[in-house]
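The structure appears below as structure tokens.
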Amino acid sequence: MSKLYVTGTPIGNLEDITLRALRIFKEVDTILCEDTRVTKKLLFHYDINAKTMSYHAQSKLSKIDTIIGLLEEGKDLALVSDAGTPTISDPGSLLVSEIRKRLPETEIIAVPGASAVVSALSIAGVPTNDFIFLGFLPHKKGRETLFKEIAETKRTVVFYESPHRILKTLNSLIKFAPDKKVSLARELTKMYEEVLQGAAQELLEKLESDTQKQRGEFVVIVS
Numbered sequence: 008m009s010k011l012y013v014t015g016t017p018i019g020n021l022e023d024i025t026l027r028a029l030r031i032f033k034e035v036d037t038i039l040c041e042d043t044r045v046t047k048k049l050l051f052h053y054d055i056n057a058k059t060m061s062y063h064a065q066s067k068l069s070k071i072d073t074i075i076g077l078l079e080e081g082k083d084l085a086l087v088s089d090a091g092t093p094t095i096s097d098p099g100s101l102l103v104s105e106i107r108k109r110l111p112e113t114e115i116i117a118v119p120g121a122s123a124v125v126s127a128l129s130i131a132g133v134p135t136n137d138f139i140f141l142g143f144l145p146h147k148k149g150r151e152t153l154f155k156e157i158a159e160t161k162r163t164v165v166f167y168e169s170p171h172r173i174l175k176t177l178n179s180l181i182k183f184a185p186d187k188k189v190s191l192a193r194e195l196t197k198m199y200e201e202v203l204q205g206a207a208q209e210l211l212e213k214l215e216s217d218t219q220k221q222r223g224e225f226v227v228i229v230s
């Protein structure tokens, strides 16, 4: 029976890889990567010479057919994203769904690792017993509706945001949830890791006064 290992990778610091993940990378026939260049940097760091294949959001359906074919041949595969846990706000979820549908005998195994959501929540000091994760917010359609929902909910809300839209997001929070506490976790596990907290207006002023703080990927927590 072939196996697919859904394997977490570091979100920044390369030391945040599990011993189990390193062993699996050495044992599988192929590693499916969001970007082979990014994954090869991790493999090179640990002196692992493994075969890689790209699988990402722009991959055609024929690539899924190719992967299904490898599993039918009895090949063991590992699925990774550029950073963090695959399939969580990630195109790998479609691949796993197709494999479960078309090859139900395939053993799909979780190999836990880093997660930006959990990492951010663990250091934010906000209620975490009940939270909503929204992934990446839509750029246009439905975006305003989501901010209205964020304003109304009593639960902690977590989502990802890019440096290109973080100011726009803060402006939306000022409009719809001006009194809520906002935490911005930036560059997690990297050299310039930082958590900024306050009302959206306060954070907007901080980021506008120091453009360096607008860089990097953000986990936004509204509580």
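Position one of the sequence shown corresponds to residue 8 (this note's numbering), numbered consecutively onward. Every residue, glycine too, gets a C-beta built ideally from N, C-alpha and C.
>> Tell me the rounded alpha-carbon separation between Thr25 and Gln221.
In response: Here residue 25 refers to the residue found at position 18 when the sequence shown is read from its first residue. Here residue 221 refers to the residue found at position 214 when the sequence shown is read from its first residue. The straight-line gap from Cα to Cα measures roughly 30 Å.
> Given Lys82, which residues of its chain have a CB within under 7 Å of its CB, disregarding the five upstream and five downstream residues?
Replying inline: As a working mapping, residue 82 is identified with position 75 in the sequence shown. Counting only Cβ-Cβ distances below 7 Å, and skipping sequence neighbours, we find Ser9, Asp36, Thr37.
> On the three-state DSSP scale, how would you describe Gln221?
Replying inline: Here residue 221 refers to the residue found at position 214 of the sequence shown. In this structure, Gln221 counts as helix in the three-state DSSP scheme.
> Below 7 Å between beta carbons: does that hold for Phe143 and Arg193?
Replying inline: Here residue 143 refers to the residue found at position 136 when the sequence shown is read from its first residue. Here residue 193 refers to the residue found at position 186 when the sequence shown is read from its first residue. Cβ atoms of Phe143 and Arg193: not closer than 7 Å.
> Quick one: what does DSSP say Gln204 is sitting in, helix, strand or coil?
Replying inline: For this step, residue 204 is matched to residue 197 along the sequence shown. It is a strand residue.
>> Which residue wins for smallest C-alpha separation from Ser126, given the options Arg107, Lys147, Thr196, Ile173?
In response: The sequence position of residue 126 within the sequence shown is 119, counting from 1. Nearest of Arg107, Lys147, Thr196, Ile173 to Ser126, Cα basis: Thr196.
> Across which residues does DSSP place Phe140 in a beta bridge pair?
Replying inline: Your numbering for residue 140 matches position 133 in the sequence shown. DSSP output for Phe140 lists Val165 as bridge partner(s).
> Going straight from the alpha carbon of Tyr53 to that of Pro17, what length do you get?
Replying inline: Residue mapping note: residue 53 aligns to position 46 of the sequence shown, counting from 1. Residue mapping note: residue 17 aligns to position 10 of the sequence shown, counting from 1. Rounded to the nearest angstrom, the two C-alpha atoms are 13 Å apart.
> If you check the beta carbons only, do Gly149 and Ala123 fall under 7 Å apart?
Replying inline: Position 142 of the sequence shown, counted from the start, is the residue given in the question as residue 149. Position 116 of the sequence shown, counted from the start, is the residue given in the question as residue 123. For Gly149 and Ala123, no; Cβs fall outside 7 Å.
> CA-CA distance, Gly15 and Ile71?
Replying inline: Position 8 of the sequence shown holds residue 15. Position 64 of the sequence shown holds residue 71. Roughly 20 Å between the two C-alpha positions.
>> Quick test of the definition: if touching needs 3 or more C-beta pairs under 8 Å, does the stretch 91-110 touch the stretch 175-195?
In response: no
>> According to DSSP, simplified to helix, strand and coil, what is Glu112?
In response: Here residue 112 is taken as the residue at index 105 of the sequence shown, counted from 1. DSSP places Glu112 in coil when its eight states are reduced to three.
> Mapping DSSP to helix, strand and coil, what is Ile157?
Replying inline: As a first step, residue 157 must be located in the sequence shown, where it is residue number 150. The answer is helix: DSSP assigns Ile157 an H, G or I state.
> Span of the beta strand (DSSP E) holding Ala28?
Replying inline: Within the sequence shown, the letter at position 21 stands for residue 28. Element bounds for Ala28: not the beta strand (DSSP E) but the alpha helix (DSSP H), 26-34.
> Which stretch, first to last residue, makes up the beta strand (DSSP E) that contains Ile38?
Replying inline: For this step, residue 38 is matched to residue 31 along the sequence shown. It spans 37-40 - the beta strand (DSSP E) in which Ile38 sits, taken as one unbroken run.
> Should Gly100 be labelled buried (16 or more other beta-carbon atoms within 10 Å of its own) or exposed?
Replying inline: In the sequence shown, the residue the question calls residue 100 occupies position 93. The amino acid at residue 100 is misidentified as Gly; the sequence shows Ser. With fewer than 16 Cβ atoms within 10 Å of its Cβ, Ser100 is classed as exposed.
> Since Ala184 is in the beta strand (DSSP E), which residue starts that stretch and which ends it?
Replying inline: As a first step, residue 184 must be located in the sequence shown, where it is residue number 177. Ala184 -> no beta strand (DSSP E), and no H or E assigned at all.
> Do Ala113 and Leu84 have their C-beta atoms closer together than 7 Å?
Replying inline: Within the sequence shown, numbered from 1, the residue matching residue 113 stands at position 106. Within the sequence shown, numbered from 1, the residue matching residue 84 stands at position 77. Reading off the sequence shown, one finds Thr at residue 113, where the question assumed Ala. Contact flag unset, no.
> Taking C-beta to C-beta, are Ser230 and Thr160 nearer than 7 Å?
Replying inline: Here residue 230 refers to the residue found at position 223 of the sequence shown. Here residue 160 refers to the residue found at position 153 of the sequence shown. Their beta carbons are not under 7 Å apart, which means Ser230 does not touch Thr160 by this criterion.
>> Let's test the definition: count the other Cβ atoms within 10 Å of the Cβ of Gly19 and tell me whether it reaches 16, buried, or not, exposed.
In response: Taking the sequence shown and counting its residues from 1, the one referred to as residue 19 is at position 12. Result: buried.
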